[in-house]
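S.K.: Take this structure, written in structure tokens, and hold onto it; I'll ask about it next.
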Ligand code: NAP
Ligand code: MG
């Protein structure tokens, strides 16, 4: 069976552990306790591979937002967390990472069941990634430092000053994350904030709240004091918006669409919150004429089909030099049509469904718009007739820079391939986008790569690879792809305030 046949294997039954977890009562983590939402409202959660409901989670209302913010404020201002040494913060973050490692198999299964990605990918990317982000950020807890400086303040004859800058935790942070890497995104947000000494309220995406709730159990088990991490499942327009507007929240950290990022940025202005935004992308992959065709084909397939294309850095615009255009496209079509689609828990599956019916419809409507605007489908281009939300890996050619499939983020397994002849022309085309999250260059010519890198407007440029991240590598976007950089030393700027101290001595 492969993508060209329409047969999708049955989703195997989850393990007893996962089955028991998804059947648990809908609860929210507030002040170290699992509590009901006062309204009793719940949100249904689905298995994207079958369309079947698998769980119900609580829909946090304004009252729960108020309680979570109050708990996070109290934990930030005084008590065990506020008094904790950086070394003790480091130790508790490590403890959490060890618990993630202990329960790695269960977490990978849960992530696969809820998001649709394969259990295999969750077990080699998402879960170890979450573990390693906590480990890396744990180390920063003990390395936050300030500076002393000389000043030239005049007007007070004979005066001497002792002047320094301290770096302090920003306070109560609300963190709103998307559905494409639910556990890893939670780790990207929580780990640096906690290392810096902040307290957090995490709101997972409505489609994929389960791994965040399981992480919440591990957070309690690790021994984080009450109120340090609160987890509110709920809807973006209500729970998320209430967090963004809340005067008790000092900072918003958001990953998601550019559209919602703009709404959040505007709303947060009213209370002058600190805001960091990791938003959408339309990342170009530029294949130079000397590139190794096999490497470019494998790279392009990975760049766009990994995680069913639901990756903010997905290589969705493929620019190939005319000299090798046909060969690369032919290879990519071969790769696309041999990818085995199926449910995430089935071992033989290579690519899972999209996360939701809505996302499936959105991706299919983009493919239709591409066809209407003159693009040609040379691989995939359709759903699979099945209750799950599958879309075949799709390659479009005869694309031009004005098409929506070239300009807008599709967030699915759809690549728009274009040919070019001249380097200046491809640089202009690559930068002709509102986004600037990432790009990749494929070449064996070191000098050509180095000359091209500074000309590309993107937060990350990969050479002969794509979609690779590391906790030590700053990540974020130019232009409409966001504000701020996560990971590495850079992320500490997002979770700390600088305090200048000037003392007349
Ligand atoms: P989304 O609709 O922007 O949702 C992201 C999160 O924001 C969800 O938790 C959502 O809650 C919440 N939200 C929605 N409206 C809100 C509002 N008015 N106020 C506060 N919160 C609100 O994005 P998505 O559909 O989940 O993810 C796909 C998009 O995210 C793509 O455009 C992709 O590029 C981008 N993305 C970017 C990165 C990155 O690192 N740059 C990573 C992943 C995804 P609900 O789930 O309840 O709606
Ligand atoms: Mg939504």
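In my numbering, the protein residues as written are 12 to 516.
Ideal Cβ positions, reconstructed from N, Cα and C, are used throughout, including at glycine.
Remember, it's a predicted structure, so these values are computed and weren't measured experimentally.
Taking the alpha helix (DSSP H) that residue 371 belongs to, which residues open and close that run?
M.R.: Counting along the chain, the alpha helix (DSSP H) containing residue 371 begins and ends at 368-383.
S.K.: Under 8 Å, with one C-beta from each stretch per pair, do the segment 224-232 and the segment 106-118 reach the 3-pair mark?
M.R.: Yes, the segment 224-232 touches the segment 106-118.
S.K.: Can you tell me the Cα-Cα spacing of residue 28 and residue 459, whole angstroms?
M.R.: Near 52 Å, if we compare the C-alpha coordinates of residue 459 and residue 28.
S.K.: With a threshold of 8 Å, are at least 3 pairs of Cβ atoms found where one atom belongs to the segment 250-258 and the other to the segment 174-194?
M.R.: Cβ pair count under 8 Å is three or more, so yes.
S.K.: How would you label residue 101, buried or exposed, when you count the other beta carbons within 10 angstroms and need 16 or more for buried?
M.R.: Buried: at least 16 other Cβ atoms inside 10 Å.
S.K.: Assuming the contact rule is C-beta atoms closer than 8 Å, residue 219 and residue 190 should be a hit. Round their C-beta distance to whole Å, please.
M.R.: 4 Å between Cβ atoms; contact.
S.K.: Taking buried to mean at least 16 other C-beta atoms within 10 Å of its own C-beta, is residue 412 buried or exposed?
M.R.: The residue in question, residue 412, is exposed, as its Cβ has fewer than 16 Cβ neighbours within 10 Å.
S.K.: Determine the extent of the beta strand (DSSP E) in which residue 145 is found, giving its start and end residues.
M.R.: Counting along the chain, residue 145 falls outside any beta strand (DSSP E), though it belongs to the alpha helix (DSSP H) covering 138-151.
S.K.: Whole angstroms are fine: how far does the CA of residue 398 sit from the CA of residue 304?
M.R.: Roughly 37 Å separates the two Cα atoms.
S.K.: Skipping 5 residues on each side, what residues in its chain have a beta carbon closer than 6 Å to that of residue 406?
M.R.: Around residue 406: 343, 344, 347, 389, 390, 426.
S.K.: Determine the contact status of residue 400 and residue 424, defining contact as a CB-CB distance below 8 Å.
M.R.: Not closer than 8 Å, so no.
S.K.: For residue 432, which option in 203, 330, 451 has the closest C-alpha, if you only look at C-alpha atoms?
M.R.: When only C-alpha atoms are compared, the closest one is 330.
S.K.: Counting along the chain, where does the alpha helix (DSSP H) carrying residue 286 start and finish?
M.R.: Run containing residue 286: none in the alpha helix (DSSP H); it sits in the beta strand (DSSP E), 285-289.
S.K.: Where does the unbroken beta strand (DSSP E) through residue 427 begin, and where does it stop?
M.R.: Residues 425-431.
S.K.: Taking 8 Å as the threshold (C-beta atoms), are residue 324 and residue 507 in contact?
M.R.: No, Cβ-Cβ distance for residue 507 and residue 324 is not below 8 Å.
S.K.: Closer than 7 Å to a non-hydrogen atom of ligand 1 - does that hold for the CB of residue 217?
M.R.: Yes; taking the cut-off as 7 Å, the Cβ of residue 217 has a heavy atom of ligand 1 nearer than that.
S.K.: Could you check how far apart the C-beta atoms of residue 93 and residue 87 are, in whole angstroms? I think they sit under 8 Å.
M.R.: Residue 93 to residue 87, Cβ: 6 Å. Contact.
S.K.: If you run the structure through DSSP and keep just helix, strand and coil, what is residue 318?
M.R.: Looking at residue 318 - three-state DSSP - the assignment turns out to be helix.
S.K.: Given the structure, does residue 214 come close to ligand 1, in the sense that its CB is under 7 Å from one of the ligand's heavy atoms?
M.R.: Indeed, a heavy atom of ligand 1 lies less than 7 Å from the Cβ.
S.K.: Please determine if the segment 309-317 and the segment 164-180 are in contact, where contact requires at least 3 C-beta pairs separated by less than 8 Å.
M.R.: Contact fails: fewer than three Cβ-Cβ distances are below 8 Å.
S.K.: Residues in its own chain within less than 7 Å of residue 63 by CB, not counting five upstream and five downstream?
M.R.: Within the same chain, residue 63 has close Cβ partners 57.
S.K.: Quick one: is residue 209 buried, meaning 16 or more other Cβ sit within 10 Å of its Cβ, or exposed?
M.R.: Buried, since its Cβ has 16 or more Cβ neighbours within 10 Å.
S.K.: State the DSSP-derived secondary structure class of residue 54, mapped to helix, strand or coil.
M.R.: Correct three-state label for residue 54: strand.
S.K.: Just checking, does the segment 135-144 make contact with the segment 110-121 on the three C-beta pairs under 8 Å criterion?
M.R.: Short answer: they touch.
S.K.: From 478, 442, 44, pick the residue whose C-alpha is nearest to that of residue 240; which is it?
M.R.: Of 478, 442, 44, the residue nearest in Cα terms is 44.
S.K.: With DSSP collapsed to three states, give me the class of residue 521.
M.R.: Because the chain in this structure spans residues 12 to 516, residue 521 falls outside the shown range and cannot be described.
S.K.: Helix, strand or coil: how does DSSP classify residue 434 here?
M.R.: DSSP places residue 434 in helix when its eight states are reduced to three.
S.K.: For residue 323, is the beta carbon positioned less than 7 Å from some heavy atom of ligand 1?
M.R.: For ligand 1, at least one heavy atom lies less than 7 Å from the Cβ of residue 323.
S.K.: Comparing the CB of residue 247 with every heavy atom of ligand 2, is any distance shorter than 7 Å?
M.R.: It does: the Cβ of residue 247 is within 7 Å (strictly closer) of some heavy atom of ligand 2.
S.K.: According to the neighbour-count rule (16 or more other Cβ atoms, all chains shown, within 10 Å of its Cβ), is residue 47 buried or exposed?
M.R.: Exposed, by the Cβ-count rule.
S.K.: Kindly identify the DSSP beta-bridge partner or partners of residue 405.
M.R.: 425, per the DSSP bridge assignment.
S.K.: What is the C-beta distance between residue 335 and residue 327, in whole angstroms, given that I count them as a contact (C-beta under 8 Å)?
M.R.: That pair is no contact at about 20 Å.
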